[in-house]
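Everything on this sheet refers to the single structure shown next.
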Amino acid sequence: MNNNAQDAYVFAINHQGKYFDGMLNVDKDLDLDWNASWEYAISADNKSWSAEVFIPWSAMSFSIKEKNRFGMYISRFDESTNAIYASSAATSSMNSFYQQFTMHTAKIDSPEKWDIFPYVSWNRDIEAGQNNSSVGTETFWQSGYGQKLSATLNPDFGQIESDELVVNFSAIETFSTEKRPFFNDNQSIFDVEGPEDLNIVYTPRIGGKSYYDKSYKNELDSAVKYTMNQPDFDVGLISAFESSTVQNKGRDFFVLRGQYALGVNKIGVSLNRVDTPSINRVATVASSDLHYAVSEDTSLNFGVIRTESEVDDVLLRDSGWWVTGSSDINEQHSHEFKYFVYGDDLELNDLGYVKRINLKQFEYGYQYKIPNVSIEQIRDITFSLDSEFKTNVQGEKLPTEIKGSVEVVTNTEFEYEVELKYTSSGFDDLTTRGNHSIWFPSANKITLNLSSPEYFWGKYEAEIEVGGEGWGGQFYNFEASIIHQFSENINLGVAVSQYNSDSWIDWDEDNIINEYNFTEQGIEFSLNYQIDDTQELRLKFEPLIGKANGIGHYSVKSDGLAEYQDTIDDFAFSESAFQLRYKYALSKLTALYLSYAFAVDSLACLLGSLSAGKTYSL
C-alpha cells in the first residue's frame, strides 16, 4: 500500500466461501494471525463461480497522501491443473514478486475515525467455586493520515480460541501464535524475525507466563499501541501493564520501533524494555535490521541484537547477529542460506522468543522444481536439499544435519513426499539445561507424507516418521487427520497421533538424566457449526496420554559419556482440554459469547509396574 515493495495485505477466498486474510512480508512469510474487517459474497453453479469482494481502506495501515500510488496483484489458483491465472506473470515465491504488481493511483478519502468497544464478562471457576466479573473496553482511533492509536483497559480475551494442547518435556519452549485481536491489529511494524524462530516482539508473553520466573502469573491490566505510517518511514510504540496481586507486582512492557524505506530496501531499529518486579529483573533489548535487494532475484537480510539484563544489581550483557539470503535463478531453481551467531547470555525472552541461544550455525537449502512433468499420472516433482552445520560458543561440535526430499504431485492432486535425514554424532548441550553436554551417536530418519486433494466432503493427511534416537534406539511417530465438510455450515476435524521411542532421554536434575521406553498418544476433535449469519458454535476437545517404562538412571560426565547409576521408576501422564464456545452476533460490531472450558493434568509415578501410585499436578 505504501508502494515500497516491503509488505502486502492478502485476501483470499474459494468457491465454497471459505476465506483467510494475512500479511505477506518481504521475506515471503505469510502471517495469518492478522485479521481485517472486509466483506465478500460467492455465487456458484455447476459450471462456474464468481466472487465479489469489498475491502475498505481502513482495513490496512498506510500513509495517505493527496494521491496514493499502490500495487495490486490478483490471481486465481486452479488446483486441478496447478495453473495460476494472474494479473502479473509472478508468484509469491519469487524475490521480485512485489516489483511485478500492477500499479494504480487513487484519491483516498479516509477521515478521522473513532471506535469504542466496551464489554462485560462474567466467569465462574467451577472447581474453585469462585465467581468473577469484569468490565473493560477497547478503543481505536485513526487520523486518516497514517496514524493509528489503540488502547485496552481491563481486557478480557475469553472469546478467543484455546491454544493447541502440548506436553513439552524438552528444553525448547513451545511457540504459540497470537490469537488476541488487540495484539494482531496493526502489528506488522513490530514483526522482526531471525533464524531459530527469533522474534524481537513475541506478544503472547504479555499477560502470559514469565520465561525467567516460572512461578509468575498475572493478568494483563492495560495496553496502548500507537503507529504512524509515512511514505518512507514508520514508527510504532507499545506499552502494556499487568495487574498486581498480594504475591506479585505486575510486569511492565515497553516497545519502540522505527523503520526507514530506501526504495525496495529497508532499515529498522527496535528497543524493548521489560520490568519484572517479582525477581527484581529489568531487561533491555536493542536490535537493528536491514533488508537489501541485491537484484530482482536475490535479497539479503542482516540483523544485530544486543541484550542487557539486571537482577539484584548483577548486570549481564551479550549480543548476536545474523545474515540470511535467498536467490531465485529461475522458476525452477532457488537457493537459501543462513549464518548466525547467538551468544551464551543472549537473554531476549522477557518479551521476545528464540528456540535456543549459545549457537554458531550455517544453513543452506536448495530446491529444484520440475513443473508439468510429461510422465503418466505425475504433474510436478520437487527436489530439496537442506543442511545445518553448528557448534556452540564453547566450541563443542553439535550434530550436523543433512536431509533430502522428493515431493510428487499427481494429476489427481494427491501430494506424496519422501524425506531422508542424516544426523551426525555430536554433543547435545540442551537436555541437561546448561550442565555437562551429552554425546550421542549418529542417526537416520525417514519421513513419508501423504496429502489428499480437496474433495467436496473434505480432505485427509497422514505422516509417519521412523528412525534412530537416543543411544542407538529406534522411534516412530505417526500422525493422521481428516476434515469432513458435512454441509456448507458444519465442519468436523479429527486428528490422531502416536509416538514411541525405545531410547527416550529426559532430564532429571543437574547432570542426571533418565532413559525410558516412551509412548504418547493423542486425539484432537473439533467441530465448527455456522448455525446462521448471526450464530456460531465451536467445540474443541483434546485428550493426551503417555507412559514411560524406565530403562536406566545416568550421570553425564565431563566428556559427554553417560555412566549408569541405578534403575528408574516408570511414570505415566494424562492431559485433556475442552472448550465449547457459542457466539451470537447482535450486530456487525456487537456480539454475545458463552463459553465453557476445562483442563485436566495428572502425572503418576509407577513403582516397578502399573501399580498404585501418587498423582501430582503438572
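Just so we're on the same page, this note's numbering is the position in the sequence shown counted from 1, plus 1315.
Built from N, CA and C at the ideal position, the CB exists for glycine as well.
Because the structure is a prediction, the values reported are computed rather than measured.
Next on the checklist: Suppose the cutoff is 8 Å on Cβ atoms and the five residues either side in sequence are ignored; what does the same chain contact list for ASN1533 look like?
Outcome noted: As a working note, residue 1533 is residue 218 in the sequence shown. These residues qualify, in order along the chain: GLY1522, GLU1557, SER1558, SER1559, THR1560, ASN1563, GLY1565 and ARG1566.
Checklist entry - What whole-angstrom Cβ distance do SER1841 and LEU1854 have, given they're in contact under 8 Å? => result Counting from one through the sequence shown, the residue named residue 1841 turns up at place 526. Counting from one through the sequence shown, the residue named residue 1854 turns up at place 539. Rounded, the Cβ-Cβ distance is 7 Å, consistent with contact.
Item to check | SER1818 vs GLU1794 beta-carbon contact at 7 Å | outcome: The count along the sequence shown starts at 1 and reaches residue 1818 at position 503. The count along the sequence shown starts at 1 and reaches residue 1794 at position 479. Their beta carbons are not under 7 Å apart, which means SER1818 does not touch GLU1794 by this criterion.
Checklist entry - How about TYR1899: is its C-beta nearer than 7 Å to some C-beta of chain D? => result Chain labels in this structure do not include chain D; a single protein chain is all it has.
Next on the checklist: Among ASP1695, ASN1759 and ALA1405, whose alpha-carbon lies nearest the alpha-carbon of GLY1945?
Outcome noted: Given a span of 1316 to 1933 for the chain in the structure shown, any question on residue 1945 remains unanswerable.
Item to check | Beta-carbon proximity of VAL1341 to HIS1648, cut-off 7 Å | outcome: One-based indexing of the sequence shown puts residue 1341 at position 26. One-based indexing of the sequence shown puts residue 1648 at position 333. For VAL1341 and HIS1648, no; Cβs fall outside 7 Å.
Item to check | Outcome for MET1418 when other beta-carbon atoms lying within 10 angstroms are tallied against a minimum of 16 | outcome: Walking along the sequence shown from the start, residue 1418 turns up at place 103. Exposed, because fewer than 16 other Cβ atoms sit within 10 Å of the Cβ of MET1418.
Checklist entry - Counting Cβ pairs, one atom from each stretch, are 3 or more of them under 8 Å apart for the region 1534–1551 and the region 1459–1471? => result yes
Item to check | Delimiting residues of the beta strand (DSSP E) encompassing PHE1498 | outcome: Here residue 1498 corresponds to residue number 183 of the sequence shown, with the count starting at 1. Here PHE1498 belongs to no beta strand (DSSP E); instead the alpha helix (DSSP H) covers 1496–1499.
Checklist entry - If you draw a straight line from the C-alpha of GLN1414 to the C-alpha of SER1610, how long is it? => result One-based indexing of the sequence shown puts residue 1414 at position 99. One-based indexing of the sequence shown puts residue 1610 at position 295. Using only the alpha carbons, I get a separation of about 11 Å.
Checklist entry - Is THR1937 helix, strand or coil by DSSP? => result Residue 1937 lies beyond the residue range present for the chain, which begins at 1316 and ends at 1933; the question has no answer from this structure.
Checklist entry - Mind checking GLN1321: buried by the 16 CB within 10 Å criterion, or exposed? => result The residue given as residue 1321 occupies position 6 in the sequence shown. GLN1321 should be labelled buried.
Next on the checklist: Using the three-state DSSP reduction, which class does TYR1413 fall into: helix, strand or coil?
Outcome noted: Against the sequence shown, residue 1413 aligns to sequence position 98. TYR1413 falls in the helix class under three-state DSSP.
Next on the checklist: Check this for me: beta carbons of ALA1327 and SER1352, under 7 Å apart or not?
Outcome noted: Within the sequence shown, numbered from 1, the residue matching residue 1327 stands at position 12. Within the sequence shown, numbered from 1, the residue matching residue 1352 stands at position 37. Not in contact: ALA1327 and SER1352 (Cβ atoms no closer than 7 Å).
Next on the checklist: Quick check on ALA1863: does DSSP put it in helix, strand or coil?
Outcome noted: Along the sequence shown, one-based indexing puts residue 1863 at 548. Strand at ALA1863.
Checklist entry - What is the rounded straight-line gap between the Cα of LEU1918 and the Cα of GLN1502? => result Here residue 1918 refers to the residue found at position 603 when the sequence shown is read from its first residue. Here residue 1502 refers to the residue found at position 187 when the sequence shown is read from its first residue. Distance between the alpha carbons of LEU1918 and GLN1502 is about 39 Å.
Next on the checklist: Could you give the first and the last residue of the continuous beta strand (DSSP E) run that contains MET1938?
Outcome noted: There is no way to answer for residue 1938, as the model of the chain reaches only from 1316 to 1933.
Checklist entry - When the Cα of ARG1495 is compared with those of LEU1745, ILE1866 and ALA1538, which residue comes out closest? => result Indexing the sequence shown from 1 puts residue 1495 at position 180. The shortest Cα separation from ARG1495 among LEU1745, ILE1866 and ALA1538 belongs to ALA1538.
Checklist entry - Considering only C-alpha positions, which residue in the set VAL1656, GLU1651 and ILE1515 is nearest to ARG1588? => result Here residue 1588 corresponds to residue number 273 of the sequence shown, with the count starting at 1. Closest option to ARG1588, Cα to Cα, is ILE1515.
Next on the checklist: Within the continuous beta strand (DSSP E) that includes GLU1839, where are the two ends?
Outcome noted: The residue you call residue 1839 lines up with position 524 of the sequence shown. Start and end: 1827–1845.
Checklist entry - Exposed or buried, ILE1441, counting other C-beta atoms within 10 Å across all chains shown (16 or more means buried)? => result Position 126 of the sequence shown, counted from the start, is the residue given in the question as residue 1441. Answer is exposed; the Cβ neighbour count stays below 16.
Checklist entry - Residues in its own chain within less than 8 Å of ASN1350 by CB, not counting five upstream and five downstream? => result Counted from its first residue, the sequence shown places residue 1350 at position 35. Counting only Cβ-Cβ distances below 8 Å, and skipping sequence neighbours, we find ASP1336, PRO1496, ASN1499 and ASP1500.
Item to check | Whether ASP1430 touches PHE1455 by CB criterion (7 Å) | outcome: Stepping through the sequence shown from its first residue, residue 1430 is reached at position 115. Stepping through the sequence shown from its first residue, residue 1455 is reached at position 140. In contact: ASP1430 and PHE1455 (Cβ atoms closer than 7 Å).
Checklist entry - Is ASN1792 near GLU1780, with beta carbons less than 7 Å apart? => result To locate residue 1792, count along the sequence shown from 1; it is residue 477. To locate residue 1780, count along the sequence shown from 1; it is residue 465. Yes.
Checklist entry - Anyone know if the C-beta pair for SER1365 and SER1358 falls short of 7 Å? => result Residue 1365 sits at position 50 when you count from the first residue of the sequence shown. Residue 1358 sits at position 43 when you count from the first residue of the sequence shown. It is a contact, given that the beta carbons lie within the stated cut-off.
Item to check | From GLY1451, THR1492 and GLU1488, residue whose alpha carbon lies closest to that of LEU1345 | outcome: On the sequence shown, residue 1345 is found 30 positions in, with the first residue counted as 1. The shortest C-alpha separation from LEU1345 is found at THR1492.
Checklist entry - Is the number of C-beta pairs between the region 1578–1592 and the region 1380–1391 that are closer than 8 Å three or more? => result no
Item to check | Reduced DSSP category for THR1639 - H, G, I as helix; E, B as strand; rest coil | outcome: If you number the sequence shown from 1, residue 1639 lands on position 324. Three-state result, THR1639: strand.
Checklist entry - In three-state terms, what does DSSP make of THR1727? => result Counting from one through the sequence shown, the residue named residue 1727 turns up at place 412. Coil, per DSSP.
Checklist entry - What are the boundary residues of the beta strand (DSSP E) that GLU1381 is part of? => result Position 66 of the sequence shown, counting from 1, holds the residue named residue 1381. Per DSSP, GLU1381 belongs to no beta strand (DSSP E) and is neither H nor E.
Next on the checklist: Please list the terminal residues of the continuous beta strand (DSSP E) segment that includes TRP1819.
Outcome noted: Counted from its first residue, the sequence shown places residue 1819 at position 504. Start and end: 1805–1824.
Checklist entry - Does the Cβ-Cβ distance between GLY1640 and LEU1674 come in under 7 Å? => result In the sequence shown, the residue the question calls residue 1640 occupies position 325. In the sequence shown, the residue the question calls residue 1674 occupies position 359. For GLY1640 and LEU1674, no; Cβs fall outside 7 Å.
Next on the checklist: Alpha carbons only, please: which of PHE1704, GLU1730 and ILE1504 is nearest the one belonging to PHE1652?
Outcome noted: Within the sequence shown, numbered from 1, the residue matching residue 1652 stands at position 337. Minimum Cα distance to PHE1652 is reached at PHE1704.
Next on the checklist: With H, G and I counted as helix, E and B as strand and the rest as coil, what does DSSP make of SER1504?
Outcome noted: Residue numbering aside, residue 1504 sits at position 189 when the sequence shown is read from its first letter. The amino acid at residue 1504 is misidentified as Ser; the sequence shows Ile. If DSSP states are grouped into helix, strand and coil, ILE1504 belongs with the helices.
Item to check | Cβ-based burial, SER1593 [other Cβ within 10 Å; buried from 16] | outcome: Position 278 of the sequence shown, counted from the start, is the residue given in the question as residue 1593. Classification for SER1593: buried.
Next on the checklist: Spatial neighbours of ILE1717 within its chain, please: C-beta separation below 7 Å, excluding the five flanking residues on both sides.
Outcome noted: Position 402 of the sequence shown, counting from 1, holds the residue named residue 1717. Result list for ILE1717: SER1702 and TYR1737, in chain order.
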